[in-house]
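**Q** In terms of the UniProt record's numbering, the sequence shown opens at residue 1 and continues consecutively.
For every residue, glycine included, the Cβ atom is placed at its ideal position computed from N, Cα and C.
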Amino acid sequence: MTEATNRDRVGFRRHGILSRRGASRGLGILGVLGLLCVAPPPLAASGGPERLPCGDGVVDAAETCDDANYNDGDGCSAVCQIEPFYGCNGAPSQCALLDTDGDGLADLHETLLGYDPNAADADGDGVPDPVDLDLDNDGIPNDVECDNTAISLVNGSFETPDIPDSTYQLIDQSMVPGWTTTAADGLLEFWGTGFDGVPAADGTQFVELNANVASTLYQDVPTTPGQAYLYRFYHRGRTGPETMQFYVGAPEDEPSLITEVTTGTMEWQLVTGIYVVPAGQTVSRFAFASSQGGSVGNFLDGIVFTPGCAVDTDGDGIHEFRDTDSDADGWPDGVEAGHGLADMSGVVPGPYGTNGLADTVEAPVDGGSIDYTVVDTDGDGTPDYQDVDSDGDGVNDDADGCRLVEDADQADTDGDGVGDACDDSDDDGLLDGDDNCPTVANPDQADEDGDGIGDVCESLPPPDGDMDGVPDEDDNCPDVANADQADADEDGIGDACEPPPGDGDMDGVTDDRDNCPAVANADQLDADVDGIGDACDDNTVLVGDGFLCSLSSQPGRETSLPVVLAALMAAGLLRRRRAPRV
1 MTEATNRDRV
11 GFRRHGILSR
21 RGASRGLGIL
31 GVLGLLCVAP
41 PPLAASGGPE
51 RLPCGDGVVD
61 AAETCDDANY
71 NDGDGCSAVC
81 QIEPFYGCNG
91 APSQCALLDT
101 DGDGLADLHE
111 TLLGYDPNAA
121 DADGDGVPDP
131 VDLDLDNDGI
141 PNDVECDNTA
151 ISLVNGSFET
161 PDIPDSTYQL
171 IDQSMVPGWT
181 TTAADGLLEF
191 WGTGFDGVPA
201 ADGTQFVELN
211 ANVASTLYQD
221 VPTTPGQAYL
231 YRFYHRGRTG
241 PETMQFYVGA
251 PEDEPSLITE
261 VTTGTMEWQL
271 VTGIYVVPAG
281 QTVSRFAFAS
291 SQGGSVGNFL
301 DGIVFTPGCA
311 VDTDGDGIHE
321 FRDTDSDADG
331 WPDGVEAGHG
341 LADMSGVVPG
351 PYGTNGLADT
361 VEAPVDGGSI
371 DYTVVDTDGD
381 GTPDYQDVDS
391 DGDGVNDDAD
401 GCRLVEDADQ
411 ADTDGDGVGD
421 ACDDSDDDGL
431 LDGDDNCPTV
441 ANPDQADEDG
451 DGIGDVCESL
461 PPPDGDMDGV
471 PDEDDNCPDV
481 ANADQADADE
491 DGIGDACEPP
501 PGDGDMDGVT
511 DDRDNCPAVA
521 NADQLDADVD
531 GIGDACDDNT
541 VLVGDGFLCS
551 LSSQPGRETS
561 LPVVLAALMA
571 AGLLRRRRAP
581 RV
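1) Please report the straight-line C-alpha distance between G419 and E448, rounded to a whole angstrom.
2) Name the residue from N210, M506, C536 and V207 whose alpha carbon lies nearest to the alpha carbon of C516.
3) Checking 8 angstroms against the spacing of the C-beta atoms, do G353 and V335 come in under that value?
4) Counting only the same chain and skipping the five closest in sequence on each side, list residues whose C-beta sits under 6 angstroms from that of P402.
5) Kindly list the residues whose CB is nearer than 8 angstroms to the CB of N155, restricted to its own chain and excluding five residues on each side of it in sequence; keep chain order.
6) From which residue to which residue does the beta strand (DSSP E) around D316 run?
7) I need the straight-line Cα distance from T510 to L525, nearest angstrom please.
8) For the structure I just gave you, are there three or more beta carbon pairs, one from the stretch 226-243 and one from the stretch 256-275, closer than 8 angstroms?
9) Flag this pair as yes or no: are the beta carbons of V361 and G139 separated by less than 8 angstroms?
10) Does H339 come out as helix, strand or coil in the three-state DSSP assignment?
11) Tell whether a beta-carbon distance below 8 angstroms holds between Y218 and A287.
12) In angstroms, rounded to a whole number, what distance separates the CA positions of E267 and A399?
13) Over what stretch of residues does the beta strand (DSSP E) that includes E189 continue unbroken?
14) Among the residues of its own chain, which have a CB less than 6 angstroms from the CB of D514, if the five just before and after it don't count?
15) Per DSSP, what kind of secondary structure is S290 in: helix, strand or coil?
16) Since C497 and V519 are thought to touch, with beta carbons under 8 angstroms apart, how far apart are those beta carbons, to the nearest angstrom?
17) DSSP state of F246, grouped into three classes?
18) Going by DSSP, what residue range makes up the alpha helix (DSSP H) through D455?
19) To the nearest angstrom, how far is the alpha carbon of I532 from that of N539?
20) Extract the residue ranges of the alpha helix (DSSP H) inside the UniProt region "Disordered" (375-494), only unbroken runs of 4 or more that lie entirely within it.
21) Could you give the distance in angstroms between the alpha-carbon of D314 and the alpha-carbon of D325?
22) Look up R322 in the DSSP assignment and say whether it is helix, strand or coil.
23) Would you mind stating whether P251 and V283 have Cβ atoms separated by less than 8 angstroms?
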């Protein structure tokens with residue numbers, strides 16, 4: 001054990017929160033201290049090096065980089081890729097987390113978080129990403145979008161209990177949600193922003209770690225083993241450069257020293273980093289210890305401890321806290337959130353204060369908490385910004401005429417794309433589905449005769465769609481103007497609406513006037529005047545009161561005209577022969 005480590009543990013015990021069980025569980029601070037695995041591989045029974053399970057995501061104590069001494073004997077690759085994200089660290093048989101972009105944050109941690117917190121300002125709101133509580137400016141805090149329900153670190157900015165600005169108070173720890181102090185008197189010293197000329201770093205209040213005596217302030221929070229957590233806090237000296245230590249670990253063991261911070265009196269120092277929870281550690285103690293004596297010093301504010309975000313509802317590869325439309329339903333998260341401030345771009349307008357959360361959705365300003373409840377319209381446990389069917393009516397939001405009102409029938413009387421269930425066509429404050437006169441404003445809904453039709457609608461002239469002066473209900477041709485209401489065949493359908501007569505044989509004579517509608521006969525000849533055109537008449541002999549008549553009494557056996565004429569001529573000759581001679 002190094003002298004520094006021993007000193008840290010002794011100092012931590014001095015403030016009364018560490019057990020004496022000995023070694024810490026796991027490293028837990030890979031992002032800060034790195035990882036060295038320098039032990040040589042164990043010998044197998046044969047005396048040679050034992051082959052190890054490389055590439056399984058766990059750096060075993062005996063896994064080392066491939067060097068000349070254990071060439072291909074330790075199961076590791078020739079390029080020293082012991083495990084994903086690990087590589088050689090200079091000397092043979094030493095490995096460390098890779099940092100490809102050289103920003104001081106390991107590739108593994110950037111992957112676990114889902115983003116690079118050292119990036120400057122991804123959403124362009126003027127607030128650096130490491131301290132930006134809303135990285136896509138949709139008005140929904142990152143920790144809400146990441147569904148970090150396992151994190152219960154509370155009162156991180158010491159806003160409760162509330163004290164007046166420019167004052168200070170000593171408050172018993174029983175009155176301070178979340179935090180416990182090792183100070184013998186159990187008191188925490190709260191400062192309101194502006195007291196003694198010192199502004200709060202986050203919100204309107206902060207605490208002084210050395211309230212009356214050197215002490216440790218801590219909080220136990222549930223954590224997930226193996227999960228990477230992003231932490232941040234602000235530190236400031238009161239009387240000059242002052243030093244504070246930050247620890248994280250299992251409450252029953254000796255928490256590990258993460259970092260030691262020294263800050264002067266001129267401004268707040270922001271401290272950020274990554275903590276990876278060791279195996280089996282389901283509760284972690286988040287602790288701040290003063291490393292100097294005295295009854296003053298070490299201001300502390302704006303503490304955040306949040307896991308990386310792996311939530312991606314629509315599977316588009318963009319994590320929720322950076323995705324402006326998390327469920328890809330065409331409605332931006334900022335619109336579906338419920339704060340009512342975003343336009344269809346989904347961005348809540350600034351100012352964004354010091355923490356990246358829009359002041360218009362935050363209470364108090366820069367306090368880190370939203371002043372509204374994220375909406376879940378159908379109460380199914382999935383907020384609207386992650387729910388493709390917000391009202392639960394079976395119609396997805398991107399096709400729903402009323403996204404927030406259950407209307408499975410999707411009725412839309414006026415055809416404006418807004419369903420009746422949520423449309424107020426006449427702007428009288430009543431939805432069309434509830435309005436007894438949806439086309440004329442009548443907020444009083446007066447209906448003297450109680451017929452369900454508002455009086456203002458009954459006093460209107462009856463509808464006249466073709467504007468011919470005849471109400472539709474009385475019009476025999478309501479779609480075509482016909483003020484004369486002519487109806488030649490008296491069938492109740494106006495002539496203007498009757499379909500034009502046909503001309504089946506296309507001879508220019510309509511079927512209703514054609515004496516031979518199946519055979520073209522534009523001349524309409526009808527020799528026997530029987531109403532059947534000669535073109536389709538088998539008998540053209542005059543009958544009845546005509547000059548010629550059939551000589552046959554049997555249907556279909558009529559004698560032709562030449563035969564009749566021959567008979568008449570023969571009769572004339574016989575009469576001449578029988579005449580007396582003079």
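**A** If we stick to the structure as given:
1) Mapped onto the sequence shown, residue 419 falls at position 419. Mapped onto the sequence shown, residue 448 falls at position 448. Answer to the nearest angstrom: the Cα atoms are 28 angstroms apart.
2) For the purposes of this step, residue 516 is taken as residue 516 along the sequence shown, with counting starting at 1. In terms of CA proximity to C516, C536 leads the group N210, M506, C536 and V207.
3) For the purposes of this step, residue 353 is identified with residue 353 of the sequence shown, where counting begins at 1. For the purposes of this step, residue 335 is identified with residue 335 of the sequence shown, where counting begins at 1. No. Outside cutoff.
4) Position 402 of the sequence shown holds residue 402. Here residue 402 is Cys; the residue named in the question, Pro, does not match the sequence. Here the set comprises G419, A421 and C422.
5) For the purposes of this step, residue 155 is taken as the residue at position 155 of the sequence shown. Same-chain partners within the cutoff: V176, P177, G178 and W179.
6) For the purposes of this step, residue 316 is taken as residue 316 along the sequence shown, with counting starting at 1. Segment: none, D316 is in no beta strand (DSSP E) and carries neither H nor E.
7) Working through the sequence shown from its first residue, we reach residue 510 at position 510. Working through the sequence shown from its first residue, we reach residue 525 at position 525. About 15 angstroms.
8) yes
9) Against the sequence shown, residue 361 aligns to sequence position 361. Against the sequence shown, residue 139 aligns to sequence position 139. For V361 and G139, yes; Cβs fall inside 8 angstroms.
10) Here residue 339 corresponds to residue number 339 of the sequence shown, with the count starting at 1. In the structure shown, H339 sits in coil (DSSP, three-state: anything other than H, G, I, E or B).
11) The count along the sequence shown starts at 1 and reaches residue 218 at position 218. The count along the sequence shown starts at 1 and reaches residue 287 at position 287. Cβ distance < 8 angstroms, so Y218 and A287 count as in contact.
12) Your numbering for residue 267 matches position 267 in the sequence shown. Your numbering for residue 399 matches position 399 in the sequence shown. One C-alpha to the other measures close to 53 angstroms.
13) Against the sequence shown, residue 189 aligns to sequence position 189. Where E189 is concerned, the enclosing beta strand (DSSP E) stretches over L187 to G192.
14) In the sequence shown, the residue the question calls residue 514 occupies position 514. Spatial neighbours of D514 in its own chain (CB-CB distance under 6 angstroms, excluding positions within 5 residues in sequence) are not present.
15) As a working mapping, residue 290 is identified with position 290 in the sequence shown. In this structure, S290 counts as strand in the three-state DSSP scheme.
16) Residue mapping note: residue 497 aligns to position 497 of the sequence shown, counting from 1. Residue mapping note: residue 519 aligns to position 519 of the sequence shown, counting from 1. With 8 angstroms as the limit, C497 and V519 do not qualify as a contact, their Cβ atoms being about 31 angstroms apart.
17) As a working mapping, residue 246 is identified with position 246 in the sequence shown. Correct three-state label for F246: strand.
18) Translated into the one-based positions of the sequence shown, residue 455 becomes position 455. D455 to E458 is the extent of the alpha helix (DSSP H) around D455.
19) Within the sequence shown, residue 532 is the residue found at index 532, counting from 1. Within the sequence shown, residue 539 is the residue found at index 539, counting from 1. Roughly 10 angstroms separates the two Cα atoms.
20) As far as the UniProt region "Disordered" (375-494) is concerned, its whole alpha helix (DSSP H) runs of at least 4 residues are 455-458.
21) Mapped onto the sequence shown, residue 314 falls at position 314. Mapped onto the sequence shown, residue 325 falls at position 325. Per the coordinates, the alpha-carbon of D314 lies some 9 angstroms from the alpha-carbon of D325.
22) On the sequence shown, residue 322 is found 322 positions in, with the first residue counted as 1. Reduced to three states, the DSSP call for R322 is helix.
23) Taking the first residue of the sequence shown as 1, we reach residue 251 at position 251. Taking the first residue of the sequence shown as 1, we reach residue 283 at position 283. In this structure, V283 lies closer than 8 angstroms to P251 by Cβ.
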